[in-house]
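In what follows, a structure is listed as structure tokens, so that the remarks can point back to it.
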Amino acid sequence: MSQNTIPAYTDEDIRVLKGLTAVRVRPGMYIGSTGSRGLHHLIWEIIDNCKDEVLAGFCDTIKVTLNANGSITVEDNGRGIPVGLNKDEGIPTPTVVFTVLHAGGKFGGGEGYKKSGGLHGVGASVVNALSEWLEVEIYRDGHTYKQRFEYIPGPDGDVNSAQVGYPVTSLENVGETRKRGTRVTFKPDSRVFADTTVMYNVLRERLRDNAFLLKGVTIVLEDNRPGTKVEETFHFEEGIKAFIQYLNDGKNTLHDIVYFEGEKDGIDVELAFQFNDNSSENLLSYVNTIPTIDEGTHVSGFRNAFTKVLNDYARRNTMLKKNDKNLSGNDYREGLMAVLSIRMDDPQFESQTKDKLGSEEARSAVEGYISERMSYYLEENPDFARLLIERAIEARRIKEEIRKAAEALRNPNKKGKKKGKRSISDKYTPPSKKDPENNELFIVEGDSAGGSAINGRNRNFQAVLSLRGKPINVEKKKIYEIIGPNGNEEINTIVEVIGTGIGDEFNANNCTFNKIIIMTDADYDGAHIQILLLTLFYRYFPELIKRGKVFIAQPPLYKVYRQLKKGQDIVYAWTEEEKDAAQKEFGKSAEIQRYKGLGEMNAEQLWDTTMNPQTRKLIQVDLEEAAEAERIVTILMGDKVPPRRDWIETNVKFVMEEE
Ligand code: TTJ
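Mapping of the sequence shown onto this note's numbering: residues 1 to 659, in sequence order.
Structure, rendered in structure tokens:
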């Protein structure tokens with residue numbers, strides 16, 4: 001074929017554009033939504049093509065640029081989309097790629113990509129259909145080829161009469177190049193997306209994760225939009241090993257990162273892990289760089305291997321005695337931070353959303369490979385093996401104690417000192433209606449604040465539990481010192497009123513509250529109590545935090561007011577700025593009260609500022625924050641006062657009492 005005569009689109013081929021009109025009519029069907037998620041989906045869709053070229057072994061650099069005019073450029077240094085005619089359609093392959101639905105992945109005929117990351121699979125044509133315009137440049141065999149597509153509105157402005165993703169130029173040979181690769185620039189159409197602002201941080205996180213998973217590949221992100229000039233490069237020679245280092249950053253790690261990489265039965269397996277001193281398990285899993293949020297066969301293969309190899313080792317080395325039961329997988333995995341990334345041909349997913357891998361061959365390959373590598377590794381690193389097994393034995397012992405304590409709590413008559421039916425503490429005031437979907441529990445510091453909270457609350461749905469002094473530090477206690485007949489009364493009451501049970505019996509679905517709100521003074525002791533309670537929830541009820549049920553109330557710091565002939569003008573302030581603004585507004589007659597504690601507010605004020613859902617400000621606790629609280633509890637409980645003060649001052653979200 002001579003250079004400049006690649007055939008243009010002919011009238012006959014217009015029929016294929018009907019498909020793009022369908023996309024334009026119902027974008028949600030193809031990209032999920034026309035909100036921010038859908039907008040970013042367009043970018044992932046294009047990048048998936050580059051990742052496929054990386055996985056095929058022909059590309060080591062991907063660059064994403066946010067341009068000043070609102071368009072986005074994605075470029076790779078792969079082989080370039082083939083420029084010849086497509087067999088089925090009789091038009092150039094790039095034209096097919098951008099105008100025919102589901103043409104992705106099979107460029108250039110043949111088998112297309114095997115280990116494909118093309119998760120969304122809707123293809124580049126969907127991106128074209130939802131763009132104002134799109135340009136592709138292909139650098140291949142010394143030439144640059146170029147084609148442009150546009151949305152051309154119809155005379156009546158109706159989508160059905162518009163030309164969607166129309167090839168306004170043929171694929172043209174526009175000159176020579178020494179480059180290799182594919183470059184696509186597109187402008188998301190503001191007629192489709194209410195907000196076409198791409199979020200730098202969203203892109204950044206995703207691209208960085210991809211760079212961890214695509215070891216050695218360079219991913220560049222550049223933002224050239226007005227007012228910004230940022231360029232970042234992500235490149236990790238150590239791949240998911242660097243990922244683990246990043247994930248465990250700031251945590252107390254217990255050993256060097258363990259890293260296995262290899263192939264079994266045609267499946268590439270890559271695993272990196274490292275334990276930290278938290279109790280939760282964190283495992284990120286991927287298939288062909290697609291995150292498998294709901295895990296699947298590869299993950300169960302890993303877990304089976306991990307548990308079995310460690311139990312075998314423990315038996316051989318008499319850390320488990322003849323009559324001991326095997327340790328469970330959960331016992332072994334407390335504090336595990338792991339990334340499992342596999343690559344395979346034609347992965348099968350169980351769910352529609354492709355979040356769970358179903359391929360059976362992945363289970364056996366991962367299980368076989370990890371068993372082999374892990375057994376060797378344990379033999380070569382006996383201290384490491386001992387560490388993991390001892391931790392698991394301890395984890396099992398603690399769980400057993402929790403079970404006994406929970407049992408004792410349920411049957412207080414069997415043993416323990418208290419006789420008769422225990423009544424829920426007199427410090428607890430329930431709401432008048434049973435309504436787990438709406439009810440709120442306020443855990444309040446101090447009896448006087450508790451009194452205001454009880455009187456100020458909306459009794460229909462708000463409950464109050466007042467704490468006397470400081471709750472105990474659950475980190476330091478044995479479980480039977482925390483719950484059960486010999487446990488801590490306050491904490492027993494919390495467990496009792498939230499209704500979930502604890503330990504093995506814990507069931508988040510039984511929670512009798514929609515919100516659990518920690519309400520403390522804005523001072524040092526308040527911060528301390530907050531952290532202790534967060535630690536309790538993190539350690540024993542993490543699922544409640546995950547479900548977004550745990551909150552911190554924010555009482556105001558100031559009351560700014562002026563005396564009127566009758567009553568007062570009042571403005572509550574949560575920040576210095578708000579206080580200054582109110583003071584300015586009231587002028588000379590302004591008076592300021594600095595709240596030192598909840599107890600200084602009467603019932604009505606407490607309701608108005610801190611308990612009324614319409615006006616209050618709550619902080620929703622996330623797992624990371626709670627984990628941080630757990631980590632820091634050690635410092636707080638220590639004898640060294642300065643680090644304790646420092647930490648609270650920088651981390652607890654309210655102003656400290658001056659001392
Ligand atoms: C397919 O198999 C034969 C050789 O070329 C392969 C290919 O198409 N490679 C390819 C496509 N690399 N990069 C792309 C690509 C890049 C972007 C930015 C957008 C799209 C739709 C494809």
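For every residue, glycine included, the Cβ atom is placed at its ideal position computed from N, Cα and C.
Residue i classed as buried or exposed, judged by whether at least 16 other C-beta atoms fall within 10 angstroms
i	result
E445	buried
G450	buried
K584	exposed
A68	exposed
Q147	buried
K559	buried
K433	exposed
I293	exposed
K515	buried
Q462	buried
I152	exposed
D639	With a pLDDT of only 33 at D639, under the threshold of 50, the placement of this residue in the model should not be trusted; the figure read from the coordinates follows. Flag for D639 reads exposed.
P436	exposed
V192	buried
L20	buried
Q568	exposed
P613	exposed
K414	Model confidence at K414 stands at a pLDDT of 48, short of 50, so the residue's coordinates are unreliable; what they give is reported in the following sentence. Under this definition K414 is an exposed residue.
N276	buried
Q3	Low confidence applies to Q3: its pLDDT is 43, below 50, so where it sits in the model is not reliable enough to give any reading.
D223	buried
T650	Since pLDDT at T650 reaches only 47, below the 50 mark, its modelled position is unreliable, and the value read off the structure follows with that caveat. Counting Cβ neighbours within 10 Å, T650 comes out exposed, since fewer than 16 surround it.
Cross-strand partners of residue i (DSSP beta bridge)
i	result
R562	D569
T196	Its beta-bridge partners do not exist; DSSP assigns none.
N439	Answer is none; N439 lacks a bridge partner.
Y145	I138 and N173
W133	E150 and K187
Q462	E440
S285	L340
V726	With the chain represented from 1 up to 659, any question about residue 726 goes unanswered, as that position is not in the structure.
P291	Y286
T512	Note: T512 sits in no beta bridge, so no partner.
V74	V64 and V184
Q593	K559
G296	L357
Q163	I152
I619	I552
K264	I267
Near the ligand TTJ: residue i beta-carbon under 7 Å from a heavy atom
i	result
R79	yes
E261	no
I516	no
T182	yes
V224	First, the amino acid is wrong: residue 224 is Asn here, not Val. Checking every heavy atom of the ligand TTJ against the Cβ of N224, none is found closer than 7 Å.
N49	yes
D76	yes
A124	yes
V220	no
I46	yes
V198	no
P153	no
V309	no
V97	yes
P92	no
E401	no
P82	yes
E53	yes
Expected contact under 8 Å - CB spacing of residue i and residue j to nearest Å
i	j	result
L283	L340	7 Å
D331	A395	5 Å
G181	E75	6 Å
A305	S371	4 Å
L271	A453	Actually they are not in contact, since the Cβ atoms of L271 and A453 sit about 50 Å apart, beyond 8 Å.
Q670	K596	In the structure as shown, the chain begins at 1 and stops at 659. Residue 670 is therefore absent and cannot be evaluated.
S375	V309	5 Å
F541	I517	Between I517 and F541 the Cβ distance is about 14 Å, and since that is not below 8 Å, they are no contact.
D189	E132	4 Å
T520	V464	Wrong, their Cβ atoms sit about 13 Å apart, outside the cutoff.
Any chain D beta carbon closer than 8 Å to residue i
i	result
A124	The structure shown has no chain D; it contains just one protein chain.
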